[in-house]
Each structure stands twice: as C-alpha cells, then as structure tokens.
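Here the structure comes first, spelled out in structure tokens, and everything after it is commentary.
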Amino acid sequence: MWVITVSRKTKVKLLLFAGLLILTGVSRLRAQPALTQTVAGQLQAIDKVDTAKPAVALTFDLTWGEKVPPMVLDALRKSGAKATFFVSGPYAQSHPSIIKRILEEGHELGNHSYRHVRLSAYDSSTVKSEIEKTHSIVKEITGKDMKLFRPPDADYNDTVIKGALDLGYTTVTWSLDSLDWKSPGKDFIVKRVLRRAKKGDIILFHASDNAPDTPGAIPDIVKGLTEKGFTIAKVTDLLSIEAD
C-alpha cells in the first residue's frame, strides 16, 4: 500500500484542480473541493498529511454491529476526542440513530461504499453506484453531504479514485493500522498506536462488533497521544493543516 503525504504545495495544486472540476460541472453531488494525487502516473488515495504540527486523525470503519458502535462513541465522548467514521450504506440505513449521533457529538461521516467488496474489480458505473447509494442514504438521514470516501479494504485503482473524484469525494485510506480487527487485546492496540504514531498519520480503527477491544483502548490512546503533544483531528481538519 502506498503512503501518500500531502504537502502544502501539493494541496494548492490539488485545490486548484478540484476547483476546475467544479467549474466544469464534474462534481455532481456537491460543490466541495475533492483531493487526489498522482504517483508514477497512477491516481492515489491520501494516506497521510504533511502537517506543520504534530496532529493525527482517528478514523473508524463501521459496517455492522449493535454493541461496539455506541461503546466507541461513549469512549470518544468521555475522552473529548473527535473522529471520522466511514460507514456503509446498509449499516446507515438500519441504524439511523447512530448515524445522527455521530454528527451530533461533533464527529464527521465518510462514505465506505454500499457493499464491502473489492471495488477495483468493477467498472466506473458500478463504483459510482456503490458510492452514490450510501451517499443518498446518509443524506436522507442527516441532510448532510459527505466529503470523504474510503474504499473497502483500501482496495482501489484509477477507476475507483476517478469515480469518487467525479462525485466530489476525496479518497482516504490510512498510514497506521491499529490492528484492532484482529482482537489482539486492549493493551496491544494502545501500545501499537502510541509507539508508531507520527504527525500527519491517519489511524485506522473499527467501530463494528468485530473490534471488541477498541472502546477500552480509546481513552488510553487519546491520553497518550495528547501527552506526546499530538492534536487529534478529524480527517477534514487534518487536511486543512498547512505544512511549513
């Protein structure tokens, strides 16, 4: 997996490019700048941000479950941290109260496709349909447009990135995996994140029931990152922090 660092100079170029897309009507879902980057001639997702100060983003994939999602939100509320949740369409449709709560408590929502499939195997029309279905469901619940897209399993190619960009989405993956999906125990997750976190990291967690250790790890992670001088930001905020 590529680790893409977005510098200040690159941000300016990307924003100008995104603005051109908007003026030409390419962004169909909303008039919001979308970012992407080309490496070796291929479009790449944003995995990490070149920030001027030590800041990281906590992100949570959410596709199923009844127990862990509210526990993650409880832990974040008590810790005072804000995060980004990438939700699937079916989960959002069946759990509107959780979706509303995410926004009400100051977090942000991202699009995690409708089905949890490897999108690089599909054509542009199918990719866009997967994104649009979830977008429509979440907007019906919240009245808000999402800006960020995370493809399932971080699986993407030019077709996926371009499809998301056409719909006004910035494709975001991660630079640090907490491995909470392996259920390795709270202490393992805490130590892994605190030892490996670097400024600009986008950190992957899960808020589904396959990550039962995550709620218990959040307080220690937030406390530890704060003590190390990190600002904990939502992805959108992290993208706006300029580098020196």
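Take 6 as the starting number for the sequence shown in my numbering and just add one per residue. A virtual CB, placed ideally from N, CA and C, is assigned to each residue, including glycine. Here the structure is a predicted model, which means the values were calculated and not measured.
By the DSSP assignment, the alpha helix (DSSP H) with Ala88 in it spans what residues?
Bounds of any alpha helix (DSSP H) do not take in Ala88, whose DSSP letter is neither H nor E.
With Lys53 and Ser180 assumed to form a contact (beta carbons below 8 angstroms), what rounded beta-carbon distance in angstroms separates them?
The beta carbons of Lys53 and Ser180 sit about 4 angstroms from each other, so the pair counts as a contact at 8 angstroms.
Beta-carbon contacts of Thr68 that lie in its chain and below 7 angstroms, excluding the five residues immediately before and after:
These residues qualify, in order along the chain: Ser93, Tyr96, His117, His121, Ser213.
Who are the near neighbours of Asp206 in its chain, counting only those whose CB is closer than 7 angstroms to its CB and skipping five residues on each side?
Lys53, Val61, Ser180, Leu181.
If you follow the beta strand (DSSP E) that Ile207 is part of, which residue opens it and which one closes it?
Per DSSP, the continuous beta strand (DSSP E) segment holding Ile207 begins and ends at 207-211.
Just checking: is the beta-carbon of Ser130 within a distance shorter than 8 angstroms of some beta-carbon in chain B?
Considering every chain present, this structure includes no chain B. It has just one protein chain.
Buried or exposed (CB count within 10 angstroms, at least 16 for buried), Glu232:
Exposed, since its Cβ has fewer than 16 Cβ neighbours within 10 Å.
Rounded to the nearest angstrom, how far is the Cβ of Pro220 from that of Met76, given a contact under 8 angstroms?
Between Pro220 and Met76, the beta carbon gap of about 4 angstroms places them in contact (Cβ cut-off 8 angstroms).
Identify, in the order they occur along the chain, each residue of the same chain with its Cβ nearer than 7 angstroms to the Cβ of Gly234, setting aside the five sequence neighbours on each side.
In chain order, Pro59 place their CB closer than 7 angstroms to the CB of Gly234, counting only its own chain and leaving out the 5 sequence neighbours on each side.
Pairwise C-alpha distance: Tyr119 and Ile237
Cα to Cα, Ile237 sits roughly 28 angstroms from Tyr119.
Do you know how far the Cα of Pro217 is from the Cα of Gly70?
Between Gly70 and Pro217, the C-alpha separation is close to 10 angstroms.
Run through the region 40-72 for me and flag every whole beta strand (DSSP E) of 3 or more residues, listed as ranges in chain order.
List check, beta strand (DSSP E) in window: 42-44, 47-49, 60-67.
Start-end ranges of the beta strand (DSSP E) lying completely within the region 97-131, minimum 3 residues:
For the region 97-131, whole beta strand (DSSP E) runs of length 3 or above, ordered along the chain, are 113-116.
Do three or more CB pairs link the region 122-138 to the region 153-167 at distances below 8 angstroms?
Counting Cβ pairs under 8 angstroms, three or more are found: they touch.
If you drop the 5 nearest sequence neighbours on each side, which residues of the same chain put their C-beta closer than 7 angstroms to that of Arg201?
Contacts found: Leu181.
Classification of Ser183 by the beta-carbon crowding that lies within 10 angstroms, buried from 16 upward
Burial call: buried.
Determine, using beta carbons only, whether Leu40 and Thr139 come nearer to each other than 8 angstroms.
Going by C-beta atoms, Leu40 is not nearer than 8 angstroms to Thr139.
Cβ pair Ala80, His112 closer than 8 angstroms
Not a contact, by the Cβ cut-off of 8 angstroms.
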